[in-house]
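Asker: In the numbering used here, the protein residues as written are 5 to 403.
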Amino acid sequence: YRNARVLDLGCANGFFLFRLAQTEGALAAGLGIDRVPDNVELSRRIAALHGVDRLRFECAALLDAEASGLVRSERWDVCHLLSVHHHVLREEGPKRCRALIRSLHQQCGVLVVEQGSLTSDEYRDWTGRDEPFSSWSFSRLVSMLEACGIPQEECSVVGLGMYRSGLRPDATGVGRAIVAAGTGNRPGRIRQIHRKRHRNGIFMEVVETAAFGGHAGEVWKQSVAGGTLATREARALGLLGTHRGFPRLLDPAAAAVDASHGLLRMERIELAEMPVSAGDLAGESLRAQFVDRLLSMARSGVVHNELSAEHVVLDTEGTLVVLDLETAWFRDEPRERWLAEVYAPNPVLGLGAYPRELHETSEGSDADLRAADGLLLRWGQPRLTEEEKEKYRRLFRAG
């Protein structure tokens, strides 16, 4: 936003433009357009009261503003379309709404779109995709932009908005994905989106962003629908800290807040395929790396609980990485709490790596040891020795 010319469509009382105008150097000029005359009048009075002469406000509907040339009359570096396109959709239909978004994308440097409150039928009419709609989903919003002719590679993740209304009981708010679309290299550019529907009904998506300015990129992992155990995974990664072979939180200070909304933001890891059989990798055996990861979790007081081939992978440098710790149990956590929050709602826990009933006994803390033997056999490696198992148990008990 530095020295940017910003167009805010559906600006309401001008909050975002006024906020930008208060930040030194962040705004060269701004135009807010809203269809409600009282909103425009209030915005003009606020601007006059505080002497903000860089901002203008006009009353018009979105399509009227675009058709009349009000939007095209000037060059705009950034255009906001924040949770307003669903109004155009319902009044004018998906074809005209898609055309509006396509036009804004062509005219403005960057188009910032916050997802609106569509129904699944409206989403299907817009995209042709027959899948449940969620305003929380980056992949759904990107699919909508692609239907407007905007390719995924021009999209960047911005964040998650929380919509709260005084007109209904939104105690926690309704989450809405925010994506920016535009040419040119920018942070957060989407490299790939993985969609995963768990057998317990939870739908998750993982958004990988591309490298930028020496930064390796990011991974945004979130629960779109169903329950979320992101707070558990964030705690596990926080305890593991700088231990080698685990994902690293992008912003540990913000992790708890993100996780409360079902989101994890991590540094991106360049992954490779797991070999079928073990060999020496970068001078260190696969087995030795795997045992090291087990002991790191034991030292940190973390039991993974779902060690399987899909959660133990290699990066492109041959380093073994353990992923997906959302079902972790912690040394200082009452067993009953974990059973209620994780075990009971997840009938597929373990993915066949060990007997599910193991969790119902006092041997639950050995779950990773049981799964480890299965993985080592799969890789053609010797099972854990009694000495290795005892070291694991000793470290886990040590606290």
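Ideal Cβ positions, reconstructed from N, Cα and C, are used throughout, including at glycine.
Within 10 Å of its beta-carbon, does threonine 213 have 16 or more other beta-carbons around it, so buried, or fewer, so exposed?
Answerer: buried
Asker: Tell me leucine 318's beta-bridge partners as DSSP assigns them.
Answerer: Beta-bridge pairing links leucine 318 to Ala276 and Leu324.
Asker: Is it buried or exposed, valine 40, if we count other Cβ atoms within 10 angstroms and call 16 or more buried?
Answerer: Burial call: exposed.
Asker: Find the nearest neighbour of threonine 232 within the set Pro136, Arg291 and Thr331, judged by alpha-carbon distance.
Answerer: Thr331 is the residue among Pro136, Arg291 and Thr331 whose C-alpha sits nearest the C-alpha of threonine 232.
Asker: Any idea if alanine 257 is buried or exposed, counting beta-carbon neighbours within 10 angstroms, 16 or more meaning buried?
Answerer: So alanine 257 counts as exposed.
Asker: Going along the chain, which residues of its own chain have a beta-carbon closer than 8 Å to the beta-carbon of leucine 299, five neighbours each way excluded?
Answerer: Lys395, Tyr396 and Leu399
Asker: Pick out whichever of Met166, Leu35 and Glu364 has its Cα sitting closest to the Cα of leucine 11.
Answerer: Leu35
Asker: Going along the chain, which residues of its own chain have a beta-carbon closer than 6 Å to the beta-carbon of serine 82, five neighbours each way excluded?
Answerer: With the sequence shown as reference, residue 82 is identified as valine, and serine is not the correct amino acid for it. Once the five neighbours on either side are set aside, the close Cβ partners of valine 82 are Ala8, Val10 and Val114.
Asker: From Ala32, Ile206, Glu62 and Gly186, pick the residue whose C-alpha is nearest to that of glycine 18; which is it?
Answerer: That would be Glu62, whose Cα lies nearest to the Cα of glycine 18.
Asker: In terms of alpha-carbon separation, which member of Gly55, Ala229, Arg248 and Ile206 lies closest to aspartate 319?
Answerer: Arg248
Asker: Rounded to whole angstroms, what's the CA-CA distance from arginine 58 to proline 191? Just pull it up for me.
Answerer: In this structure, the CA atom of arginine 58 is about 27 Å from the CA atom of proline 191.
Asker: Applying the criterion that 16 or more other CB atoms from any shown protein chain within 10 Å of the CB defines a buried residue, is proline 98 buried or exposed?
Answerer: Buried, because 16 or more other Cβ atoms sit within 10 Å of the Cβ of proline 98.
Asker: Can you round the beta-carbon distance between valine 162 and isoleucine 182 to whole angstroms, since I take them to be within the 8 Å contact cut?
Answerer: Their Cβ separation, rounded to whole angstroms, is 4 Å, which keeps valine 162 and isoleucine 182 in contact under 8 Å.
Asker: Taking alanine 185 as the reference, give the member of Gly245, Leu85, Glu271 and Ala234 with the closest Cα.
Answerer: Leu85
Asker: Tell me which same chain residues have a C-beta within less than 7 Å of the C-beta of alanine 276, skipping the five on either side of it?
Answerer: Leu318, Asp319 and Thr320
Asker: Are alanine 229 and serine 366 closer than 8 Å when you measure CB to CB?
Answerer: no
Asker: Return the first residue and the last residue of the beta strand (DSSP E) that threonine 213 is part of.
Answerer: Annotation for threonine 213: the continuous beta strand (DSSP E) segment containing it runs 207-213.
Asker: At what residue ranges does the stretch 128-152 contain a whole run of the alpha helix (DSSP H), taking only runs of 4 or more?
Answerer: You should have 142-151.
Asker: Can you tell me which of Arg401, Ile273 and His109 puts its alpha carbon nearest to the alpha carbon of alanine 151?
Answerer: His109
Asker: In this structure, does DSSP put aspartate 255 in helix, strand or coil?
Answerer: coil
Asker: Looking only at its own chain, which residues have a Cβ that is under 8 Å from the Cβ of alanine 259, when we skip the five neighbours before and after it?
Answerer: Ala238, Leu241, Gly242, Leu253, Leu268 and Arg269
Asker: Skipping 5 residues on each side, what residues in its chain have a beta carbon closer than 6 Å to that of glycine 266?
Answerer: Gln226, Ser227, Thr232 and Ala234
Asker: Check each candidate in Gly384, Pro155, Trp130 and Ser141 and name the one with the smallest Cα separation from arginine 199.
Answerer: Ser141
Asker: Can you name, in chain order, every residue of its own chain whose Cβ lies under 7 Å from the Cβ of aspartate 255, other than the five neighbours on each side?
Answerer: Arg269
Asker: Measure the C-alpha to C-alpha separation of histidine 54 and leucine 21 and round it to an integer number of angstroms.
Answerer: 13 Å
Asker: Arginine 102 to alanine 33, Cα distance in whole Å?
Answerer: 27 Å
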